[in-house]
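In the working numbering, the protein residues as written are 4 to 239.
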Amino acid sequence: MDNKRILRGISSMATKSVLSQLTQSYHHLTGVKVEIESVGGVDAAKRIGQGENFDMVLLASDAIARLRDADRVIATSTHDWVQSDVAMAIPAGAATLSIHNEETLKAAVLSSPSISYSTGPSGVYLEKLFERWGVLEAIKARLVVPPPGIAVGSLVAKGEVALGFQQMSELISVSGIQILGKLPSDVAFITTFSAAIPCGLLGQDERIQDVQKFFQYLSSAPTADVKRQQGMSPLA
């Protein structure tokens with residue numbers, strides 16, 4: 004295949020499944036092949052920061068903003084395209100938990116023998132929430148930090164974690180777990196995912212236009228059903 008018809012990108016694991024489907028449908032629609040490498044979000048941002056050669060980067064909007072501020076992506080290229088809620092899960096077969104508001108969530112966290120959450124934006128949010136509750140120090144010994152490349156859902160499925168928090172899109176296809184639902188509405192956390200073009204493409208106007216066309220497709224109406232199937236939400 005002509006390399007000009009292949010676009011390469013890097014993304015966080017949270018959008019791996021939805022991007023797998025959308026890149027396939029885009030290829031069928033346009034003939035342009037988009038290859039996305041999905042890794043940990045911190046690793047993806049680091050690699051873009053080091054100048055690794057990619058046509059696009061797709062991460063949480065705050066990570067994209069940091070890359071923009073560091074002049075690692077073209078400032079005018081940022082494009083929001085999907086949103087995802089943080090959800091909760093327990094091992095399949097475990098006694099279910101009733102979590103419907105902030106107080107019941109706090110009680111569940113305090114009673115769980117082990118807790119895990121990702122190191123991305125949702126993890127930062129949860130730590131701040133636990134700090135506001137005044138319980139972070141009390142539960143620190145029970146926190147299980149997922150090793151690099153290991154999803155929280157897999158730790159829950161193995162029974163290594165009693166209560167796990169992760170993007171719904173990363174939990175929805177994991178077997179061996181019971182998803183309790185999204186965080187209660189009074190403490191809900193929604194991550195917006197954005198795409199941007201690394202500065203290494205400056206001057207390559209035709210290639211930039213090809214990437215921008217893909218970005219427009221990512222937020223187009225025909226992609227909404229795929230996003231919902233993967234536990235994510237189209238932009239309002």
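All residues carry an ideal CB built from backbone N, CA and C; glycine is no exception.
Contact fails between the stretch 174–189 and the stretch 43–53, because fewer than three Cβ pairs, one in each stretch, are under 8 Å apart.
For Q170, the enclosing beta strand (DSSP E) has its first and last residue at 166–170. Counting only residues of its own chain and dropping the five nearest sequence neighbours on each side, T194 has a CB closer than 6 Å to the CB of A63, S87, P124. The three-state secondary structure of D88, taken from DSSP, is strand. With a cutoff of 8 Å on beta-carbon distance, H30 and S197 are scored as not near each other.
Judged by DSSP in its simplified three-state form, D189 adopts helix. Spanning the alpha carbons of A73 and A98 requires a straight line of approximately 47 Å.
Taking the Cα positions, T26 is about 42 Å away from S114. For P237, no pairing in a beta bridge is given by DSSP. Within the stretch 93–180, complete alpha helix (DSSP H) segments of at least 4 residues are found at 105–114, 124–136, 139–142, 155–160, 171–174, given in chain order. Per the Cβ contact rule, the stretch 158–174 is in contact with the stretch 101–115 (3 or more Cβ pairs under 8 Å). Beta-bridge partners of F196 (DSSP): A63, V85.
DSSP, read as helix, strand or coil, puts I51 in helix. Nearest C-alpha to T107 among A95, P94, K131, W136: W136. Between V42 and G12 a beta carbon distance of about 11 Å is seen, past the 8 Å cut, so the two are scored as non-contacting. With contacts defined by Cβ atoms closer than 8 Å, L10 and D65 do not form a contacting pair.
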